[in-house]
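Each residue of the sequence shown is one higher than the one before, counting from 26 in our numbering. Each remark here refers to the structure printed beneath this line.
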Amino acid sequence: MALSELELRHIIERSFLPLQCKCVIDSRGELSVELLDQSTGRNLIAGGIPRSHFDSCRGIANFVAEMKAQLATQGGGEAVSRRG
């Protein structure tokens with residue numbers, strides 16, 4: 026059973042606490058996720074991610090782990106990642 030857009034956004038945004046996270050699902054069903062670590066000023070944006078990427082718990086967990094790793098290794102400022 027697929028998650029609703031609201032449920033998916035909630036799960037993703039809560040997964041990044043205490044970081045600030047904004048998850049948007051566009052009319053094509055693609056997700057954009059913006060992370061902000063206010064303590065370091067690091068910002069990471071991933072966009073154009075197909076909704077099908079999040080059809081399983083494993084898909085969600087892998088995405089969250091990848092984003093956290095990218096944010097941790099980023100030197101500062103803003104990075105943009107486009108997945109597909």
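By construction, the Cβ of each residue, glycine as well, lies at the ideal position given by its N, Cα and C atoms.
{"Item": "Return the chain-ordered list of same chain residues with a C-beta closer than 8 Å to the C-beta of E55, the five sequence neighbours on each side being excluded.", "Value": "G72, G73, I74, P75 and R76"}
{"Item": "Expressed to the nearest angstrom, what Euclidean distance is found between the alpha-carbon atoms of R90 and F41?", "Value": "Here the sequence assigns Ala to residue 90, which means Arg is not the residue at that position. Distance between the alpha carbons of A90 and F41 is about 10 Å."}
{"Item": "I need the boundaries of the alpha helix (DSSP H) containing S81, first residue and last residue.", "Value": "Neither: S81 is in no alpha helix (DSSP H) and is coded neither H nor E."}
{"Item": "What is the DSSP secondary structure of R56, counted as helix, strand or coil?", "Value": "Note that residue 56 is Leu in the sequence shown, not Arg. If DSSP states are grouped into helix, strand and coil, L56 belongs with the strands."}
{"Item": "Buried or exposed: which applies to C46, given that a residue is buried once 16 or more other Cβ atoms fall within 10 Å of its Cβ?", "Value": "buried"}
{"Item": "Whole-angstrom Cβ separation of R67 and Q99, contact assumed at under 8 Å?", "Value": "6 Å"}
{"Item": "Out of curiosity, what's the CA-to-CA distance linking L61 and R39?", "Value": "13 Å"}
{"Item": "Please report the residue range of the beta strand (DSSP E) in which Q45 lies.", "Value": "Q45 to I50"}
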